[in-house]
Each structure stands twice: as structure tokens, then as C-alpha cells.
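S.K.: Next up is a structure, given as C-alpha cells.
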Amino acid sequence: MSPVVAQTATCYRLGNVSSCGIRQGTVGDNPAEQRYSSFNEVERLRDKNEAREEVRKEQSLREEVGSQIAEGQCAEARKTALRAGDFELADKAAGMCERQGHR
Numbered sequence: 001m002s003p004v005v006a007q008t009a010t011c012y013r014l015g016n017v018s019s020c021g022i023r024q025g026t027v028g029d030n031p032a033e034q035r036y037s038s039f040n041e042v043e044r045l046r047d048k049n050e051a052r053e054e055v056r057k058e059q060s061l062r063e064e065v066g067s068q069i070a071e072g073q074c075a076e077a078r079k080t081a082l083r084a085g086d087f088e089l090a091d092k093a094a095g096m097c098e099r100q101g102h103r
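In the UniProt record's numbering, the protein residues as written are 1 to 103.
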């Protein structure tokens, strides 16, 4: 006769990222190892969420600068990029404005 083993489901939610898993327990499961594994999963999801947020911020900045260039607000577009610390984007904005004949 074999010992009774529990099946466990674990779910995590971090921002808009969720992860669930079902695990078949074993007689020798180590609770400390389970907590460590859970902690690593939460850290992985947090890092993934932070990377997504950084990409969203960059995209939003590029959209704002692009909109300002399209409206002929070249000085404001450069200032916006410089305030965000994106010197490369500020240079690109200046170059685009020069090609369009704006300053």
C-alpha cells in the first residue's frame, strides 16, 4: 500500500502577469525548497514585468516626441527627449526636424 500524496496548485499574480502550476506532491517534499522555488518564480515574474514596463515607457516617449515633430514643435521634441535622458532620441529628433525644414 502506497502513502497518500497531495496534489497542489500554486498561482502567482504580479501586475498583469499570472502563472499557475499543478504539482504532484511526494512523500519527501521539502517545504523550504518549495518556498525557495516559489520565491524564484515571483522574482522571475517581477523582472519580466519590469522589463515590459521599461519598453512601454520607451515607446511612449518615442510616440510623444514623434507627435511633437509632426506638429512642428521641434524644440519641444528635443527638450522632451533630453528630459528623459535619451540623447540619441534628441539627436534623431533634431535631424528629422532639419530634414523637414523646422528648427
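Quick reminder that beta carbons are idealized off the backbone N, C-alpha and C, glycines included. Model, not experiment: these values are computed from the prediction.
For G21, does the three-state DSSP call read helix, strand or coil?
M.R.: Against the sequence shown, residue 21 aligns to sequence position 21. DSSP places G21 in strand when its eight states are reduced to three.
S.K.: When we look at the beta-carbon of A81 and count the other beta-carbons within 10 Å, is it buried (16 or more) or exposed?
M.R.: On the sequence shown, position 81 is the one that residue 81 refers to. A81 should be labelled buried.
S.K.: Does the distance from the C-beta atom of V17 to that of K57 stay below 8 Å?
M.R.: Looking up residue 17 in the sequence shown gives position 17. Looking up residue 57 in the sequence shown gives position 57. No; because the gap between Cβ atoms is not below 8 Å, this pair is not in contact.
S.K.: Measuring CA to CA, which of V55, I69, C11 and E54 is closest to V42?
M.R.: Reading the sequence shown from its first residue, position 42 is the one you call residue 42. That would be C11, whose Cα lies nearest to the Cα of V42.
S.K.: Leaving aside the five residues before and after A94 along the sequence, list all residues of the same chain whose C-beta is less than 8 Å from its C-beta, in chain order.
M.R.: Taking the first residue of the sequence shown as 1, we reach residue 94 at position 94. Closer than 8 Å at Cβ, skipping near neighbours: C74 and R78.
S.K.: Just to confirm, is the Cβ distance from L61 to A84 under 8 Å?
M.R.: As a first step, residue 61 is located in the sequence shown; it is residue number 61 there, counting from the start. As a first step, residue 84 is located in the sequence shown; it is residue number 84 there, counting from the start. Yes, Cβ-Cβ distance for L61 and A84 is below 8 Å.
S.K.: Find the nearest neighbour of D86 within the set S38, Q100, G21 and Q59, judged by alpha-carbon distance.
M.R.: On the sequence shown, position 86 is the one that residue 86 refers to. The residue with the shortest Cα to Cα distance from D86 is Q59.
S.K.: In three-state terms, what does DSSP make of A84?
M.R.: Numbered from its first residue, the sequence shown carries residue 84 at position 84. Correct three-state label for A84: coil.
S.K.: Using the Cβ count rule (16 or more neighbours within 10 Å means buried), how would you classify residue 146?
M.R.: Residue 146 falls outside the range modelled here, since the chain spans only 1 to 103, and no answer is possible.
S.K.: Just how far apart, CA to CA, sit A51 and S37?
M.R.: Here residue 51 corresponds to residue number 51 of the sequence shown, with the count starting at 1. Here residue 37 corresponds to residue number 37 of the sequence shown, with the count starting at 1. Near 21 Å, if we compare the C-alpha coordinates of S37 and A51.
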